[in-house]
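Each remark here refers to the structure printed beneath this line.
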Amino acid sequence: MNGGWFGKTISFLAIVLLFVVGNVAVSWSAAGGAAASVVVEGNQRVDADTICSYFATDPGQSLTPAKIDEALKSLYATGLFSDVTISHRGGRLVVSVKENEVINRVAFEGNKKLKDEQLASEVQS
Numbered sequence: 001m002n003g004g005w006f007g008k009t010i011s012f013l014a015i016v017l018l019f020v021v022g023n024v025a026v027s028w029s030a031a032g033g034a035a036a037s038v039v040v041e042g043n044q045r046v047d048a049d050t051i052c053s054y055f056a057t058d059p060g061q062s063l064t065p066a067k068i069d070e071a072l073k074s075l076y077a078t079g080l081f082s083d084v085t086i087s088h089r090g091g092r093l094v095v096s097v098k099e100n101e102v103i104n105r106v107a108f109e110g111n112k113k114l115k116d117e118q119l120a121s122e123v124q125s
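Under the UniProt record's numbering, read the sequence shown as residues 1 to 125, first letter to last.
Listed below in structure tokens is the structure:
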């Protein structure tokens, strides 16, 4: 089981991430590297200001490919997003996010040896 399904999935995601970051960096460099503003799309629960805080620069300042890469990795590392794309559109940095789903309720079925409260306390920790 060298690699397995999980290893292949991680490898694929890493390649896609490198491709996306590389394309953003090339298009960003060609556009001059400065953004008049940062626009966040697709956020529902996470505030746009919170997402913008992951960029180590202010609007109007130059964004290097390294800063874009760092922000992209930081946003993924939060665990809040299943997809993040960064693009340059009309002098603006556009950050499109897809938030991870939130578990609303956990139901325990078929447990006979443990009480629901015991299981719930384990899930909470």
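Every residue, glycine too, gets a C-beta built ideally from N, C-alpha and C.
The model shown is predicted, which means the values in this text are computed figures rather than measured ones.
Practice task
Would you mind stating whether V97 and F108 have Cβ atoms separated by less than 8 Å?
Solution key: Working through the sequence shown from its first residue, we reach residue 97 at position 97. Working through the sequence shown from its first residue, we reach residue 108 at position 108. No, the Cβ-Cβ distance between V97 and F108 is not below 8 Å.
Problem - Minimum Cβ-Cβ distance from E99 to chain B less than 8 Å - result: You won't find chain B in this structure, because it holds only one protein chain.
Handout entry: Reduced DSSP category for S27 - H, G, I as helix; E, B as strand; rest coil
Key = Locating residue 27 in the sequence shown gives position 27, where the first residue counts as 1. Any reading at S27 must be qualified, since the residue scores a pLDDT of 49, below 50, and its modelled position is unreliable; the value itself is stated next. S27: helix per DSSP, three-state reduction.
Handout entry: Length of the line joining the Cα atoms of T64 and A48
Key = In the sequence shown, the residue the question calls residue 64 occupies position 64. In the sequence shown, the residue the question calls residue 48 occupies position 48. So the alpha carbons of these two residues sit roughly 21 Å apart.
Exercise for the section: Please name the residue or residues paired with I51 in a DSSP beta bridge. Expected result: In the sequence shown, residue 51 corresponds to position 51, counting from 1. Bridge partners of I51: none, in fact.
Practice task
State buried or exposed for A77, treating a residue as buried only when at least 16 other CB atoms are found within 10 Å of its CB.
Solution key: For the purposes of this step, residue 77 is identified with residue 77 of the sequence shown, where counting begins at 1. Under this definition A77 is an exposed residue.
Problem - CB of V46 within 8 Å of CB of V94, strictly - result: Within the sequence shown, numbered from 1, the residue matching residue 46 stands at position 46. Within the sequence shown, numbered from 1, the residue matching residue 94 stands at position 94. No. Outside cutoff.
Practice task
Quick one: grab the DSSP three-state call for T85.
Solution key: Here the question's residue 85 lines up with position 85 in the sequence shown. Strand, per DSSP.
Problem - Residue environment, V102, which counts as buried when at least 16 other CB atoms sit within 10 Å - result: Reading the sequence shown from its first residue, position 102 is the one you call residue 102. So V102 counts as exposed.
Practice task
Please look up how many angstroms separate the CB atoms of A100 and G79, rounded, as I've assumed it's under 8 Å.
Solution key: Along the sequence shown, read from residue 1 onward, the residue named residue 100 stands at position 100. Along the sequence shown, read from residue 1 onward, the residue named residue 79 stands at position 79. The question names Ala, but residue 100 in the sequence shown is Asn. With a Cβ gap of about 7 Å, N100 and G79 count as contacting.
Exercise for the section: Let me know if V84 comes out buried or exposed under the rule of 16 or more other beta-carbons within 10 Å of its beta-carbon. Expected result: Position 84 of the sequence shown, counted from the first residue, corresponds to residue 84. Under this definition V84 is a buried residue.
Exercise for the section: Have a look at W28 and T9 and give me their C-alpha separation to the nearest angstrom. Expected result: Mapped onto the sequence shown, residue 28 falls at position 28. Mapped onto the sequence shown, residue 9 falls at position 9. Residue confidence is low: W28 scores 48 on pLDDT, short of 50, so the model does not pin down where it sits. Its coordinate-derived value is still stated next. C-alpha separation (whole angstroms): 28 Å.
Problem - Beta-carbon proximity list for I51, same chain, < 8 Å, skipping 5 on both sides - result: Counting from 1 along the sequence shown, the entry for residue 51 is found at position 51. Only V40, N43, L75, V95 and V97 meet the Cβ criterion.
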